[in-house]
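Structure first, commentary second.
Written out as structure tokens, the structure reads:
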């Protein structure tokens, strides 16, 4: 593994994405797109009481978009809905270590998608 | 993904730049420590440099059937292209002509020069191309008016490899009395260039795409073409391009031209066609640009639906394969490729392409590994993607 643009942690999440794939019987889901570069991210959640019991993602995007998607699912899993809603895009980028400055916009999808999924739950 | 740990990098980004050939390096070496003179100096060291400069000029001139005094050395293809657009534009402004015709698939150094010229009051026409990237010569004819000074067209496209019919366009321009410039940075030594037969007035060449050094370019200016210098100073290059000549670079440039061969072109074309044939078998993939003789012998550019080019490129890099992508995410300005846009790739697929560009040094073994690796990468990334593609059962 030899890539000077991204750190080890980012590359790990990119190559071994956590909680990836379709979720059967999701309680809520949300899809957000990044108009800047055409990335699309989908978050699916399963809720038990007020906790996120399970969470999955699917992303079409660059390395940073896939890695931040994977990271946000790890961060949100097991958290209460209120806690999960407070996760910001900055938190996700920070948890990954660092992103190249030009790539920061790619990380803006992850927390947005999560928030949108939680909000759609409240509307039900 | 199978990968032997000690495998060297597979370099498939030769349209960006190439490795300097060892014979080129060897030819350049004496000009650093021994023959380091300034070609303008009157002493023996200077004369030695001057001689090497003129010998190199002869080599470049001969390769495109120009006369030696029609070749002017520059710092790069970018400089040569800037020089053409600005130098021809301003030198001829007094004639009342202020119109330049170019295409939507030029290199940024032409497009951004043209945009700058628009701010100076020039009028620019950016011609459309068809879905394989070809300029229709009759579009060129129709765009020429009595205000037109110059037509500038890229010979072999750097992204999708389309080779334009410069002979037909050259004839049209000559008949209409309009200067014709060809940007041959990618095509030089790969596609025949004959400035007499093809009616070319200006041709941009450079060294580092053909296993020569970076930092050297050239501009062919047909005798009689009215163009003002871009760089003013000590009047080198027949007062047309000032600055002490980059002798070691120019000597390397000439050597790179000398070692180019038709055998290498055939070898690259064969590997290109194998890559195209095999990558086409990946479902929902599409070749950008034409097939066959009208494509640069070293260019492969594929679109893969539902994945992002930057991610494909990063995965290839992790697997020691150097490639390039036109996706927004990998560019400085976060805009997708203007070339893919011009050939009609849909907005949704604009960020999904990857370019592989060969050199004479790539091997069939490398290509086999690339095909297998790429297939696995696309499969893996599509598993992550929310877009579900319909498969006809030919792929896992």
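Residue numbers (our numbering), protein chains in the order written: chain A, 5 to 128; chain B, 1435 to 1830.
We put the CB at the ideal spot given by N, CA and C, even for glycine.
- Against chain A, a Cβ distance below 8 Å from residue 1805 of chain B picks out nothing, because the smallest value is about 20 Å.
- Your pair residue 1664 of chain B and residue 1775 of chain B does not check out as a contact, with CB atoms roughly 29 Å apart and the cut at 8 Å.
- For the 8 Å CB-CB criterion, residue 117 of chain A and residue 92 of chain A do not form a contact.
- Chain-order list of chain B residues neighbouring residue 15 of chain A: 1748, 1752, by C-beta distance under 9 Å.
- For residue 1614 of chain B, no CB of chain A lies under 8 Å from its own CB, so it is not counted at the interface with that chain.
- At a cut-off of 8 Å between beta carbons, residue 1820 of chain B contacts chain A.
- Contact of residue 1756 of chain B with chain A is not assigned, every C-beta pair being separated by 8 Å or more.
- The alpha helix (DSSP H) runs lying completely inside the region 40 to 101 of chain A and spanning 4 residues or more are 67 to 80, 85 to 89, 93 to 99, given in chain order.
- Residue 1585 of chain B sits close to residue 1603 of chain B, with the two beta carbons spaced by under 8 Å.
- For residue 1744 of chain B, the residues of chain A that pass the 7 Å Cβ criterion are 66, 67, in the order they occur in the chain.
- At a cut-off of 8 Å between C-beta atoms, residue 43 of chain A counts as an interface residue with respect to chain B.
- Residues of chain B with a Cβ closer than 8 Å to the Cβ of residue 72 of chain A do not exist, since the nearest Cβ in that chain sits about 13 Å away.
- The Cβ-Cβ distance between residue 1471 of chain B and residue 1479 of chain B falls below 8 Å.
- Within 7 Å of the CB of residue 1785 of chain B, the CB atoms of chain A belong to 41, 42, in sequence order along the chain.
- Taking C-beta separations shorter than 6 Å and ignoring five residues to either side along the sequence, the partners of residue 73 of chain A in its chain run 45, 61, 63, 114, following chain order.
- For residue 1735 of chain B against residue 1594 of chain B, the beta-carbon gap comes to about 5 Å, under 8 Å, which counts as contact.
- With respect to the 8 Å criterion, residue 1616 of chain B and residue 1600 of chain B are classified as neighbours on the basis of their beta carbons.
- Residue-level contact by beta carbon fails for residue 104 of chain A and chain B, as no gap is shorter than 8 Å.
- Between residue 1645 of chain B and residue 26 of chain A, the alpha-carbon positions lie close to 48 Å from each other.
- Counting along the chain, the unbroken alpha helix (DSSP H) around residue 1544 of chain B starts and ends at 1542 to 1553.
- In chain A, no part has a C-beta under 9 Å from the C-beta of residue 1774 of chain B; the shortest such distance is about 12 Å.
- Taking 8 Å as the cut-off, the Cβ atoms of residue 66 of chain A and residue 1744 of chain B count as close.
- Shortest Cα-Cα distance from residue 1506 of chain B to any of B/1756, B/1607, B/1673, B/1467 involves B/1673.
- Taken in chain order, the members of the region 17 to 36 of chain A whose beta-carbon sits within less than 8 Å of a beta-carbon on chain B are 18, 19, 21, 24, 25, 35.
- In terms of CA proximity to residue 1564 of chain B, B/1598 leads the group B/1612, B/1598, B/1820.
- Residue 1650 of chain B and residue 1516 of chain B have their alpha carbons spaced roughly 14 Å apart.
- Between residue 121 of chain A and residue 9 of chain A, the alpha-carbon positions lie close to 31 Å from each other.
- By the CB criterion at 8 Å, residue 1588 of chain B and residue 1541 of chain B fall inside the cutoff.
- When DSSP reads this structure, residue 1729 of chain B sits in a beta bridge with B/1596.
- Close to chain B, meaning a Cβ-Cβ distance shorter than 7 Å, are the following residues of the region 80 to 111 of chain A: 110.
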